[in-house]
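Undergrad: Quick note on numbering that gives the first Met the number 0: the sequence shown kicks off at 0 and runs consecutively. Glycine residues also receive a C-beta, built at the ideal position from the N, C-alpha and C atoms. Before I ask anything, here is the structure I am working with.
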Amino acid sequence: MSGIDGKVVAITGASSGIGEATALLLAGRGARLVLGARRSERLAELVARIEEAGGTAVHIRTDVTRREDLHALVALAGERFGRLDVLVSNAGAGTISPLDDLRVQEWDQMVDVNIKGVLHGIGAALPVFRAQGAGHFITTASTAAFRVVPAMAVYAGTKVAVRAICEGLRQEAGKEVRVTTVSPGAVATDFADASSNTRVRAQTAQMRDRIAISPEAIARAIAFAVEQPADVDVNEIVVRPAAQN
Ligand code: NDP
Numbered sequence: 000m001s002g003i004d005g006k007v008v009a010i011t012g013a014s015s016g017i018g019e020a021t022a023l024l025l026a027g028r029g030a031r032l033v034l035g036a037r038r039s040e041r042l043a044e045l046v047a048r049i050e051e052a053g054g055t056a057v058h059i060r061t062d063v064t065r066r067e068d069l070h071a072l073v074a075l076a077g078e079r080f081g082r083l084d085v086l087v088s089n090a091g092a093g094t095i096s097p098l099d100d101l102r103v104q105e106w107d108q109m110v111d112v113n114i115k116g117v118l119h120g121i122g123a124a125l126p127v128f129r130a131q132g133a134g135h136f137i138t139t140a141s142t143a144a145f146r147v148v149p150a151m152a153v154y155a156g157t158k159v160a161v162r163a164i165c166e167g168l169r170q171e172a173g174k175e176v177r178v179t180t181v182s183p184g185a186v187a188t189d190f191a192d193a194s195s196n197t198r199v200r201a202q203t204a205q206m207r208d209r210i211a212i213s214p215e216a217i218a219r220a221i222a223f224a225v226e227q228p229a230d231v232d233v234n235e236i237v238v239r240p241a242a243q244n
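Following this line, the structure appears as structure tokens:
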């Protein structure tokens, strides 16, 4: 199957930002969506918007730190649509701060959401993709996986890990399963508000307001990977604001 129309796509972190923009773009192009995040009221609103526009979507409360929640997300795709073509592992925590702050619970959160959340998605979807003889993992990493800057040590570490895991997955995947890693630069989402360090939060918000690109730019990159023919695997996409170093 190539193109987007009719594909069943599950998206984590679909309640805002890049995940929401991706859901709207893919739904508009005929994908059938299974949306996951913790804020289920926002997911319900998004499903209603998609359905009003003639699209198809369902949602389920999903905390990616809980392995069973990813199994439930993948199972819902099977129950409602009979298959899963694409898993977009997009949920992310950006509680960035200097290491000296010792915000160790936030370090844990970034590891749990950004790394283990992706692993839980792989664990849930890979057997389904193997059984189908087809499937596509798309994972949101970050330009922080390529360039570490102060206050981003732990966050960058998680995104480096995500790229490594996805590259390993790609090498093991064989010809039936595709693996795409999308690494955004500064994107205008709520992400900049996540830091609990007021100075870092102000700096991140300032950069966002100065140079950030819209989440639709990342959604378009994801759609490009999805729509390729089954024998074409777009492995890495880096999308930065033209103004970003
Ligand atoms: P948002 O804050 O708008 O979105 C983050 C999403 O992740 C939300 O939908 C949130 O949903 C979800 N999420 C967070 N924790 C969990 C969890 N435990 N379980 C399930 N979902 C969770 O920011 P973005 O759209 O910008 O972030 C999306 C991805 O893009 C992340 O992986 C981020 O690291 C990455 N990224 C963002 C950049 C940017 O500049 N914006 C730059 C580079 C990468 P909810 O709270 O409802 O659970």
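Within the present structure, is the beta-carbon of G156 separated from the nearest heavy atom of ligand 1 by less than 7 Å?
TA: Translated into the one-based positions of the sequence shown, residue 156 becomes position 157. The answer is no for G156.
Undergrad: Among E78, A90 and R82, which one has its Cα closest to the Cα of R37?
TA: Within the sequence shown, numbered from 1, the residue matching residue 37 stands at position 38. The shortest C-alpha separation from R37 is found at A90.
Undergrad: Taking C-alpha atoms, which residue in V186, R65, T157 and A52 lies nearest to N113?
TA: For this step, residue 113 is matched to residue 114 along the sequence shown. Nearest option by C-alpha distance: T157.
Undergrad: Tell me, please, which residues DSSP counts as bridged to A140.
TA: If you number the sequence shown from 1, residue 140 lands on position 141. Answer by DSSP bridge pairing: none, since A140 is not bridged.
Undergrad: Identify whether E235 lies in helix, strand or coil by the three-state DSSP scheme.
TA: In the sequence shown, counting from the first residue as 1, residue 235 sits at position 236. Note: E235 maps to strand in three-state DSSP.
Undergrad: Assuming the contact rule is C-beta atoms closer than 8 Å, T21 and I221 should be a hit. Round their C-beta distance to whole Å, please.
TA: Position 22 of the sequence shown, counted from the start, is the residue given in the question as residue 21. Position 222 of the sequence shown, counted from the start, is the residue given in the question as residue 221. About 5 Å separates the two Cβ atoms, so the contact holds.
Undergrad: Within 10 angstroms of its Cβ, does D208 collect 16 or more other Cβ (buried), or is it exposed?
TA: Translated into positions along the sequence shown, residue 208 becomes position 209. So D208 counts as exposed.
Undergrad: Taking only beta-carbon atoms, is G173 less than 8 Å away from chain D?
TA: Annotation note: the requested chain D is absent from the structure, which comprises a single protein chain.
Undergrad: On the DSSP letters alone, give me the boundaries of the beta strand (DSSP E) that S88 sits inside.
TA: For the purposes of this step, residue 88 is taken as residue 89 along the sequence shown, with counting starting at 1. Here the beta strand (DSSP E) through S88 covers V85 to S88.
Undergrad: Using a threshold of 8 Å, state whether the C-beta atoms of I210 and A242 are closer than that.
TA: What you label residue 210 is simply residue 211 of the sequence shown in a count that begins at 1. What you label residue 242 is simply residue 243 of the sequence shown in a count that begins at 1. Contact flag set, yes.
Undergrad: Reducing DSSP to helix, strand and coil, say where G184 ends up.
TA: Along the sequence shown, read from residue 1 onward, the residue named residue 184 stands at position 185. Looking at G184 - three-state DSSP - the assignment turns out to be coil, as it is neither helix nor strand.
Undergrad: Excluding sequence positions up to five away, which residues of its chain have a Cβ less than 6 Å from the Cβ of D84?
TA: Numbered from 1 along the sequence shown, position 85 holds the residue referred to as residue 84. Same-chain partners within the cutoff: K6 and V7.
Undergrad: Tell me whether G54 sits in a helix, a strand or coil according to DSSP, three-state version.
TA: For this step, residue 54 is matched to residue 55 along the sequence shown. Residue state, collapsed to three classes: coil.
Undergrad: Return the first residue and the last residue of the beta strand (DSSP E) that V7 is part of.
TA: Along the sequence shown, one-based indexing puts residue 7 at 8. V7 -> beta strand (DSSP E) spans V7 to T11.
Undergrad: Do you know how far the Cα of G132 is from the Cα of V176?
TA: Working through the sequence shown from its first residue, we reach residue 176 at position 177. Working through the sequence shown from its first residue, we reach residue 132 at position 133. One C-alpha to the other measures close to 8 Å.
Undergrad: How should L42 be labelled, buried or exposed, when 16 other C-beta atoms within 10 angstroms of its C-beta is the threshold for buried?
TA: Start at 1 with the first residue of the sequence shown, and residue 42 comes out as number 43. Burial call: buried.
Undergrad: The alpha helix (DSSP H) that contains A124, what's its start and end?
TA: The count along the sequence shown starts at 1 and reaches residue 124 at position 125. Run containing A124: G116 to Q131, per the alpha helix (DSSP H) assignment.
Undergrad: Within the present structure, is the beta-carbon of Q164 separated from the nearest heavy atom of ligand 1 by less than 7 Å?
TA: Sequence index remark: in the sequence shown, residue 164 carries index 165 (1-based). Looking at the sequence itself, residue 164 is Ile, so the reference to Gln does not match. Outside the cutoff, so no.
Undergrad: Could you give the first and the last residue of the continuous alpha helix (DSSP H) run that contains R207?
TA: Stepping through the sequence shown from its first residue, residue 207 is reached at position 208. Residues T197 to I210.
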